[in-house]
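Peer 1: In the numbering used here, the protein residues as written are 1140 to 1355.
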Ligand code: GRF
């Protein structure tokens, strides 16, 4: 039986699509049963419709508090038996209500090698800084901004003369390969978390996941 998961997104949804396609093409451990979106005009909602995935589109400002907004989401997650929350471009900090209901079960994808360049526009931040290597991080979500324990990372090198557009393309391509693989293994095999250190159970390891060829 596949484990029910929910994806939270606010924008384009290319990573949502990668997670759905991985699920449709393989015997994945997870099944996406809900898309949660905080922007009713976001393109990701059309993708959910196209793939026949139930979507919950909410306007946070319609709720008196963040708790009330998250309680509404939580009700749906419980009804559907959701075991993991997978953030894919969800532009909002997760609050106490969801963190306490899903301890170490909320995962985020960030387009840099954390702890470098947290927050918005991470790809451009890295580009402007002039780093020669950037990358992608998958991590657990805590109360902070892009600060939870790291599950997996994949480097992306920046060649001389490469444009921001080209680097963005390389980062997104890497995300689309890494994120579904990490989520699949996480749900299938599990982890132990001690402080900031994550140990993969089963046959998975960060080394395996970092070993995929770098996208050129
Ligand atoms: C990705 O770059 C992800 O790392 C960041 O938000 C972006 C979402 O892109 N958290 P998309 O909506 O999945 O295309």
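Think of the CB as a built atom: it goes at the ideal place given N, C-alpha and C, for glycine as much as any other residue.
Considering only the beta carbon of each residue, do residue 1145 and residue 1173 sit closer than 8 Å?
Peer 2: Contact: yes.
Peer 1: Does the Cβ of residue 1278 lie closer than 7 Å to at least one heavy atom of ligand 1?
Peer 2: Not under cutoff, so the answer is no.
Peer 1: Tell me whether residue 1204 sits in a helix, a strand or coil according to DSSP, three-state version.
Peer 2: Coil.
Peer 1: On the CB-based measure, 16 or more other CB atoms within 10 Å of its CB, does residue 1180 come out buried or exposed?
Peer 2: Exposed: under 16 other Cβ atoms inside 10 Å.
Peer 1: Hey, how far is the Cα of residue 1264 from the Cα of residue 1213?
Peer 2: Approximately 34 Å, taken between the alpha carbons.
Peer 1: Following the continuous alpha helix (DSSP H) through residue 1333, name the residue where it begins and the one where it ends.
Peer 2: Where residue 1333 is concerned, there is no enclosing alpha helix (DSSP H), although the beta strand (DSSP E) it sits in stretches over 1330 to 1333.
Peer 1: What are the uninterrupted segments assigned as alpha helix (DSSP H) that are 4 or more residues long and contained completely in the region 1273 to 1328, given in chain order?
Peer 2: Listed in chain order, they are 1303 to 1328.
Peer 1: Could you please give the first and the last residue of the uninterrupted alpha helix (DSSP H) stretch that includes residue 1248?
Peer 2: No alpha helix (DSSP H) contains residue 1248, which is instead part of the beta strand (DSSP E) from 1245 to 1249.
Peer 1: Determine the direct distance from the alpha carbon of residue 1178 to that of residue 1150, and round the result to whole angstroms.
Peer 2: Using only the alpha carbons, I get a separation of about 8 Å.
Peer 1: Does the beta-carbon distance from residue 1141 to residue 1169 come in below 8 Å?
Peer 2: The answer is yes: Cβ separation under 8 Å.
Peer 1: Is the region 1202 to 1219 touching the region 1234 to 1252, taking contact as three or more C-beta pairs under 8 Å?
Peer 2: Yes, since at least three Cβ pairs between the region 1202 to 1219 and the region 1234 to 1252 fall closer than 8 Å, the two stretches touch.
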